[in-house]
Structures are given as C-alpha cells and as structure tokens.
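*Asks:* In our numbering, the protein residues as written are 196 to 587.
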C-alpha cells in the first residue's frame, strides 16, 4: 500500500522529472488540422481540453484508483462535485435514491432541494439498520448510498449486506469513503460499485485545496467522466498535484491519526462531563465488531468522532459552545481530515440548514461536538479539550 501510494500512476515526461509535473494548461497543441480532428473524434487518444483531461489530474486519478482497487477514477472540483456527478450520472426522473439518514448536511440539501425537484424520489433510513434498508427498497431504486463511517457520528454501515441488497434489486451501491480512506477501508472489496471521496479531507491532509473523486469500473466511470466533461465539474491541475503528493503520505498519516484518536476517545469516554462518545474504536460501541471486520488495518477506526456533553445548568448548546470556545490550540472550523485537530458544532454549522426534526433524526443534537483528531502530540490535544470540559 505504501509503495503504491508513492509510485503508482506517474507518467514521466521527456524532461525526466523525478517529482510529478504540474501541467497548468487549459488547452493542447496538435500537429495538424487532421491531428486535431482525430483527437476530437476519438480515433486518436490524447488530451483535448483540460476540462476533459489533464496529465496532472490523470496521475492523481490513476494513483487513487490503484489504492482503492478500482479500474478507474474520475476527479472532480470538490467532494460535493463528486456527489453531484453521482446523481447526474446514475439517476433520472422517476428513479429512487435510498440513502442513509446519517449524511453530511450539504448532501441531504442537494438531494432534497434539487434532485427531488427534478423528479428523483429520495428516502432515508438509519445507516446501521439492515431491516430498515431492506424494507425501504422500491422497484425504482437505482442507487443505495451511505457514508461509512458517517458524518458527524461515525456510524458504520454493513457494506456486504447493502451491496447484496442493491444488486438483488438491480441498483448501484455507492459508499462515501472520505473518513476512512483506502488506507483503512476499501468498500469495493465489500461489493460496493463506486467509492466517493472528498479529497479535500485526508487525501490532501493539510487543508489546502478542494477536490473530489469517484472510483469504480471503467464502464461506470465513463458515465461519470461524461458528466464532469460536459458539466465542467473538473479538478484543477494544481489541486490534483497537491492530492497526488498527499497520497504519498496517506498511509503514514492515517496510522498516526488513528493512534491519537483512540487515546482521545478513551479520554472523552472517561470524562464525567461527557455523556456519550460516538466512535467505533471503543469496544462498547454497537458497531465495534463490524468496524473491525471492514477496517483492514488493525486498531484503525478513523479519527473523526462525535461526543455529547452534559449541560449541568447550561443548555446543551451553551455547554457545547463552552467546550469549543475554551480551546486554545484546537482549530474551530468545519473542515476535517487536517494535520491540525479541528472542532465544530454540527447543529449550528455543517447541519444548520436542515430542519430541526431532520437534524434530530440524523442524531445531531445541540449538545453534539464533532472532533477531527489531528497529528499534534496527543497529550496536547487532550489538555486543550480538558480546558472546557473541566470547567463545565
């Protein structure tokens, strides 16, 4: 895995560069009018326009595809761009999208505000409730979609069950693997048809640029590529280069993220002002054994967790904000997957656009705090969180 993270996908030019090149060009030059025509009609392979293909983007796509175990990857301008591409490529008016309730708020907004408007039916179930998934499938279900682990509670879906359910009904099973990454989990190994990433998170790992990707078979990725090409949801060459360099250290970083997260989760679970910790790495988590089976790297459960605090005279929101505002090192930001530990209050940030009843259904209460554990010394992370918890 580590060797592939460093070496896979690179195409060295005649210049003999050791590091991957950045091709910051919008267009390409042809040898003749006939040569240009051959590139455009597909009789000759090559670059046409950077909205379609770019060598820097291609290197990133090839490397990510190898790491996920897919035939091909298609890069997009952002993680939400990847989800938009998914909907445009695999759904049409009259189709049914069956999704987990536990999703990033913007994903739910995209489904409910736009694709419902264009005739796609959308239903939601608890990601961990296999009976609910089975009961909600319809004759027109074309996509079953989940995040595993989910945002912000880190719930785990049974990917083998969902892939079998989807395929029994002629649907695609699509998994957002953003929180685990291929360094910990490979959904295609459990029967998923497509893996989606917000590369902005751990693939970059330092909060520098935006990007997304889909990974799957050549056939399915060609459909996604057509959407990206026509819709202009393209990744920039510079961002692709940053992501390619990020992949070189992904496995190394994820091991350290996970080691820190395991210690932070145990600290939170033992703190008297914390009522609940949502993290599958804890042995008493209801999906701990399932997470162990699906996460192939031992004792690695990701580094995103949610925890709920006790008000003790304060409202749940006041208590959560007190803990967040008391930090001196941890960054208060909605981003995650960064080398820097970050914290946010989902009910008033990432999920604030949802109706209150929809937030509650997704498990996002006013006392919930989402933590993305970074690469600082773990004792410093714990000490910073303790500032607010100890003074509640």
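Glycine included, each C-beta is placed from N, C-alpha and C at the ideal position. Quick caveat: nothing in here was measured; it's all calculated off a predicted structure.
1) How close, in whole Å, do the beta carbons of residue 418 and residue 203 come, if the pair is a contact with beta carbons under 8 Å?
2) Just the C-alpha distance for residue 208 and residue 353, rounded to the nearest angstrom, thanks.
3) Kindly indicate the opening and closing residues of the alpha helix (DSSP H) around residue 560.
4) Beta-carbon within less than 6 Å of residue 231's beta-carbon, same chain only, minus the 5 sequence neighbours each way: which residues are those?
5) With DSSP as the reference, label residue 322 as helix, strand or coil.
6) Is it right to say residue 197 is buried, meaning 16 or more other beta carbons lie within 10 angstroms of its own, or is it exposed?
7) Check this for me: beta carbons of residue 388 and residue 335, under 8 Å apart or not?
8) For residue 428 versus residue 271, is the C-beta distance shorter than 8 Å?
9) Do residue 402 and residue 392 have their C-beta atoms within less than 8 Å of each other?
10) Hey, how far is the Cα of residue 149 from the Cα of residue 512?
11) Roughly how many angstroms lie between the CA atoms of residue 390 and residue 383, to the nearest whole one?
12) Could you tell me the alpha carbon to alpha carbon distance between residue 538 and residue 457, rounded to whole angstroms?
13) Exposed or buried, which one is residue 486 when buried takes at least 16 other CB atoms within 10 Å?
14) Could you work out which residue in 255, 239, 242 and 210 is closest to residue 441 when comparing CA atoms only?
15) Among 201, 365 and 234, which one has its Cα closest to the Cα of residue 293?
16) From 488, 281, 323 and 214, pick the residue whose C-alpha is nearest to that of residue 410; which is it?
17) Between which residues of its own chain and residue 275 is the CB-CB distance below 6 Å, once the five residues before and five after are set aside?
18) For residue 423, I'd like the list of residues in its chain whose CB is within less than 7 Å of its CB, leaving aside the five on either flank, ordered along the chain.
19) Nearest to residue 524 by CA position, among 518, 253, 536 and 472, is which residue?
20) Please report the Cβ distance between residue 583 and residue 527, rounded to the nearest whole angstrom; I am assuming they are in contact, meaning their Cβ atoms lie under 8 Å.
21) Rounded to whole angstroms, what's the CA-CA distance from residue 146 to residue 215? Just pull it up for me.
22) Are residue 562 and residue 515 closer than 8 Å when you measure CB to CB?
23) What does the alpha-carbon distance come out to for the pair residue 311 and residue 295?
24) Classify residue 308 as buried or exposed, calling it buried when 16 or more other Cβ atoms lie within 10 Å of its own Cβ.
25) Are residue 544 and residue 579 closer than 8 Å when you measure CB to CB?
26) Starting from residue 539 and walking both ways along the alpha helix (DSSP H), at which residues does that stretch end?
27) Should residue 394 and residue 492 be called a contact, given that it needs their Cβ atoms to be closer than 8 Å?
*Replies:* In short:
1) Mapped onto the chain shown, residue 418 falls at position 223. Mapped onto the chain shown, residue 203 falls at position 8. Not confirmed; about 24 Å, so no contact.
2) Numbered from its first residue, the chain shown carries residue 208 at position 13. Numbered from its first residue, the chain shown carries residue 353 at position 158. Approximately 44 Å, taken between the alpha carbons.
3) Within the chain shown, residue 560 is the residue found at index 365, counting from 1. Neither: residue 560 is in no alpha helix (DSSP H) and is coded neither H nor E.
4) Stepping through the chain shown from its first residue, residue 231 is reached at position 36. Within the same chain, residue 231 has close Cβ partners 225.
5) Translated into positions along the chain shown, residue 322 becomes position 127. In the structure shown, the three-state DSSP call for residue 322 is coil.
6) Stepping through the chain shown from its first residue, residue 197 is reached at position 2. Exposed, by the Cβ-count rule.
7) Locating residue 388 in the chain shown gives position 193, counting from the first residue. Locating residue 335 in the chain shown gives position 140, counting from the first residue. For residue 388 and residue 335, no; Cβs fall outside 8 Å.
8) By one-based count along the chain shown, residue 428 stands at place 233. By one-based count along the chain shown, residue 271 stands at place 76. Yes. Within cutoff.
9) Counting from one through the chain shown, the residue named residue 402 turns up at place 207. Counting from one through the chain shown, the residue named residue 392 turns up at place 197. No; because the gap between Cβ atoms is not below 8 Å, this pair is not in contact.
10) The chain is shown from 196 up to 587; residue 149 falls before or after that span and cannot be answered.
11) Numbered from 1 along the chain shown, position 195 holds the residue referred to as residue 390. Numbered from 1 along the chain shown, position 188 holds the residue referred to as residue 383. Going by the C-alpha atoms only, they are around 7 Å apart.
12) By 1-based counting over the chain shown, the position of residue 538 is 343. By 1-based counting over the chain shown, the position of residue 457 is 262. Looking at the two C-alpha atoms, the distance is approximately 16 Å.
13) Numbered from its first residue, the chain shown carries residue 486 at position 291. Classification for residue 486: buried.
14) As a first step, residue 441 is located in the chain shown; it is residue number 246 there, counting from the start. Considering only alpha carbons, the answer is 255.
15) Indexing the chain shown from 1 puts residue 293 at position 98. When only C-alpha atoms are compared, the closest one is 365.
16) As a position in the chain shown, residue 410 is number 215, starting the count at 1. Comparing Cα positions, the closest option is 281.
17) Indexing the chain shown from 1 puts residue 275 at position 80. Excluding residues within five positions, the ones whose Cβ falls inside 6 Å are 301.
18) Within the chain shown, the letter at position 228 stands for residue 423. Hits under 7 Å: 269, 271, 280 and 429.
19) Counting from one through the chain shown, the residue named residue 524 turns up at place 329. Comparing Cα positions, the closest option is 536.
20) In the chain shown, counting from the first residue as 1, residue 583 sits at position 388. In the chain shown, counting from the first residue as 1, residue 527 sits at position 332. That pair is no contact at about 12 Å.
21) No answer is possible for residue 146: the residues shown for the chain start at 196 and end at 587.
22) To locate residue 562, count along the chain shown from 1; it is residue 367. To locate residue 515, count along the chain shown from 1; it is residue 320. For residue 562 and residue 515, yes; Cβs fall inside 8 Å.
23) As a working mapping, residue 311 is identified with position 116 in the chain shown. As a working mapping, residue 295 is identified with position 100 in the chain shown. Roughly 16 Å separates the two Cα atoms.
24) Working through the chain shown from its first residue, we reach residue 308 at position 113. It counts as exposed.
25) Along the chain shown, one-based indexing puts residue 544 at 349. Along the chain shown, one-based indexing puts residue 579 at 384. In this structure, residue 579 does not lie closer than 8 Å to residue 544 by Cβ.
26) For the purposes of this step, residue 539 is taken as residue 344 along the chain shown, with counting starting at 1. It is not in any alpha helix (DSSP H) - residue 539 instead sits in the beta strand (DSSP E) that spans 537-539.
27) Numbered from its first residue, the chain shown carries residue 394 at position 199. Numbered from its first residue, the chain shown carries residue 492 at position 297. No. Outside cutoff.
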